[in-house]
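First comes the structure, then the notes that go with it.
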Amino acid sequence: MYIESVPNRDSPPAVLLRESYREGGKVKKRTLLNLSDWSRERIAGFKALLKGGTVIPSEKEAISIVRSLPHGHVAAALGTARKIGLDRLIGPAGNRCRDLVLALVVSRILDPGSKLAAARALSPETAASSLGAELGLGPVDEAALYSALDWLAVRQAAV
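Our numbering puts the first residue of the sequence shown at 746, with every later residue one more than the last.
Structure below.
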């Protein structure tokens, strides 16, 4: 199969999908489809497919990367903290303060910095890793981190 462009005198050329075959020792061609109403890009893509190639859209159309956050180091550190029971030691499950304190500990291991830097790294809009998403923290500010540390200070004897 191949695509052939047949010129017309006073009109645009006819673009045809054709097949060639032999009959009685002579080569003949059969028209399978009229592609005249197709766009040039579509015809070019179809030609590439007929030649055995693959057709993908331009890179802007093919993939749209919205955001990609580093995750491997978060999974390792958070998984280790959970494996040794640090999350259960800090406080009961489902407590936001516990999750914030755990995030501070893991954040300090991964990327030591200030509370403000930790708040920025944990917030969804300015996240530096997937830690905030893994713990389901949502928006985090430094006031929330300081209140979580106050909560931890009250529980210090139990910890």
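All C-beta atoms in this analysis are idealised placements derived from N, C-alpha and C, irrespective of residue type, glycine included. Treat the numbers as computed from the prediction; the structure is a model and nothing was measured.
Rounded to whole angstroms, what's the CA-CA distance from residue i to residue j? Just pull it up for me.
| i | j | result |
| --- | --- | --- |
| Y907 | S813 | Residue 907 cannot be examined here, being either before or after the span of the chain that is shown, 746 to 904. |
| E786 | V800 | 11 Å |
| P869 | V885 | 8 Å |
| P857 | V811 | 27 Å |
| D832 | L861 | 22 Å |
| N717 | P815 | It is not possible to answer for residue 717, since the shown part of the chain is limited to 746 through 904. |
| K828 | L847 | 13 Å |
| P757 | G798 | 28 Å |
| T871 | L882 | 13 Å |
| G830 | I808 | 40 Å |
Count the other C-beta atoms from every protein chain shown that fall within 10 angstroms of the C-beta of residue i, then say buried if there are 16 or more, exposed otherwise.
| i | result |
| --- | --- |
| D755 | exposed |
| S859 | exposed |
| V751 | exposed |
| A866 | buried |
| I835 | buried |
Which residues in the same chain have their Cβ closer than 8 Å to the Cβ of residue i, if we skip the five residues on either side of it in sequence?
| i | result |
| --- | --- |
| G790 | V800 |
| L855 | H818, V819, A822, S874, L876 |
| L795 | M746, Y747, I748 |
| A903 | none |
| A826 | D832, L847, V850, V851 |
| I788 | I748, V760, L780 |
Skipping 5 residues on each side, what residues in its chain have a beta carbon closer than 6 Å to that of residue i?
| i | result |
| --- | --- |
| E749 | L761, R763 |
| A774 | Checking the sequence shown, residue 774 turns out to be Lys, not Ala. These residues qualify, in order along the chain: R763, S765. |
| L777 | L762, E764 |
| A887 | Reading the sequence as shown, one finds Glu at residue 887 and not Ala. Around E887: K860, L861, A864. |
| S781 | A759, V760 |
| R767 | none |
Which same chain residues end up closer than 7 Å to residue i when comparing Cβ atoms and leaving out the 5 residues on each side of it in sequence?
| i | result |
| --- | --- |
| V772 | S765 |
| A793 | V800 |
| A706 | What is shown of the chain runs 746 to 904, which leaves residue 706 out entirely. |
| E879 | V819, L823 |
| R900 | G836 |
Output yes if chain B places a C-beta closer than 7 Å to the C-beta of residue i; else output no.
| i | result |
| --- | --- |
| G790 | Annotation note: the requested chain B is absent from the structure, which comprises a single protein chain. |
Do you know whose CA, among the options, lies nearest residue i's CA?
| i | options | result |
| --- | --- | --- |
| S784 | G770, G830, R767, A759 | A759 |
Using 8 Å as the threshold, is the stretch 885-904 in touch with the stretch 837-847, meaning 3 or more CB pairs across them? yes
Below 8 Å, how does it come out for the stretch 817-825 and the stretch 870-882: are there three or more Cβ pairs, yes or no? yes
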